[in-house]
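In my numbering, the protein residues as written are 192 to 442.
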């Protein structure tokens, strides 16, 4: 397998968690959220992870100091997910293999899902693969648009979706595998012409598709991977699910 690099987005503060710690260091069953993400990455056979840090980055570095094969990349100004990945351009220079990009606050990411995405990349060599899933209640998530033949058309955020599009249950969970060179190209095309003046990684698949590149959306993620952690209540829900799945409690 061509060597894969993983980029873990871990710069956020997580305001709704009401914690002074970086969001990725909030604990589930006694371990930081990001620990579970790194476990899944390395269990999937990936040997190098770039961790994009920002808010209280020194605490993240200190907490993960014992982790092997983890490199820290600083995002001093948090200007969106696309901007976070831009911070890794020097580390990706010359890399022509796959690049996995995922959030550092998703403790239920499954290594088998990552393996399936990477296997599909090796088989088809697209410019980008999005890992998706069908969620009965997709409120708040970007919907996957497909053409009449089932091919990927784009992502529409809920606030921009038509009533018909809001009925779509296939959602984007911000888990991607990019061809390294295609990712760098797409990052160079990103613009911050939005109300927040941010660069969005979700624009990259559309940029590549507009260039007639092969972009796939595969519903290979497991139902548990739909659970996000944005509030303390959501964290409790995630911990209940983790216990059901047999995750050990380190408290």
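Note that the Cβ used here is the ideal one computed from N, Cα and C, for glycine as well.
Alpha carbon of residue i to alpha carbon of residue j, nearest angstrom
i, j, result
"residue 248", "residue 349", "31 Å"
"residue 334", "residue 268", "28 Å"
"residue 436", "residue 384", "42 Å"
"residue 341", "residue 213", "39 Å"
"residue 355", "residue 273", "28 Å"
"residue 192", "residue 313", "Residue confidence for residue 192 is low, a pLDDT of 48 falling below 50, so the modelled location carries little weight; the figure read from the coordinates is stated next. Using only the alpha carbons, I get a separation of about 7 Å."
"residue 315", "residue 442", "43 Å"
"residue 351", "residue 357", "9 Å"
"residue 215", "residue 270", "18 Å"
"residue 297", "residue 260", "20 Å"
"residue 196", "residue 424", "33 Å"
"residue 449", "residue 239", "The shown model of the chain, from 192 to 442, leaves out residue 449, and the question about it has no answer."
"residue 440", "residue 208", "21 Å"
"residue 281", "residue 381", "17 Å"
"residue 286", "residue 206", "35 Å"
"residue 306", "residue 226", "18 Å"
"residue 211", "residue 400", "40 Å"
"residue 353", "residue 386", "20 Å"
Beta-bridge pairing of residue i - partner residues as DSSP gives them
i, result
"residue 369", "290 and 319"
"residue 345", "336"
"residue 262", "241"
"residue 324", "362"
"residue 199", "242 and 293"
"residue 256", "Paired residues: none, contrary to the question."
"residue 330", "According to DSSP, residue 330 bridges with nothing at all."
"residue 218", "223"
Whole-Å CB distance - residue i paired with residue j, under 8 Å assumed
i, j, result
"residue 433", "residue 220", "6 Å"
"residue 277", "residue 378", "5 Å"
"residue 275", "residue 200", "5 Å"
"residue 416", "residue 299", "5 Å"
"residue 406", "residue 318", "6 Å"
"residue 311", "residue 375", "Their Cβ separation, rounded to whole angstroms, is 21 Å, which puts residue 311 and residue 375 out of contact at 8 Å."
"residue 304", "residue 392", "18 Å between Cβ atoms; not a contact."
"residue 245", "residue 284", "Not quite, the Cβ-Cβ distance comes to about 22 Å (not below 8 Å), so this is no contact."
"residue 236", "residue 371", "Not confirmed; about 17 Å, so no contact."
"residue 229", "residue 258", "6 Å"
Neighbour flag for residue i against chain D, beta carbons, 9 Å
i, result
"residue 292", "Absent from the structure: chain D. Only one protein chain is present."
Cut-off 6 Å between Cβ atoms - residues of its own chain near residue i, not counting five sequence neighbours on either side
i, result
"residue 366", "293 and 322"
"residue 346", "333, 363 and 393"
"residue 308", "320, 322 and 368"
Contacting residues, own chain, Cβ-Cβ under 7 Å from residue i (five flanking each side not counted)
i, result
"residue 344", "336, 337 and 338"
"residue 360", "325, 326, 327 and 329"
"residue 429", "219, 298, 299, 418 and 420"
"residue 389", "270, 271, 274 and 383"
Any non-hydrogen atom of the ligand GTP within 8 Å of residue i CB
i, result
"residue 302", "For the structure depicted, the ligand GTP is absent and the ligand set is empty, with no information on it obtainable."
Inside the region 355 to 425 only - alpha helix (DSSP H) runs reaching at least 4 residues: 371 to 380 and 394 to 401
Which full runs of the alpha helix (DSSP H) of 4+ residues lie inside the region 221 to 250, going along the chain? 224 to 234
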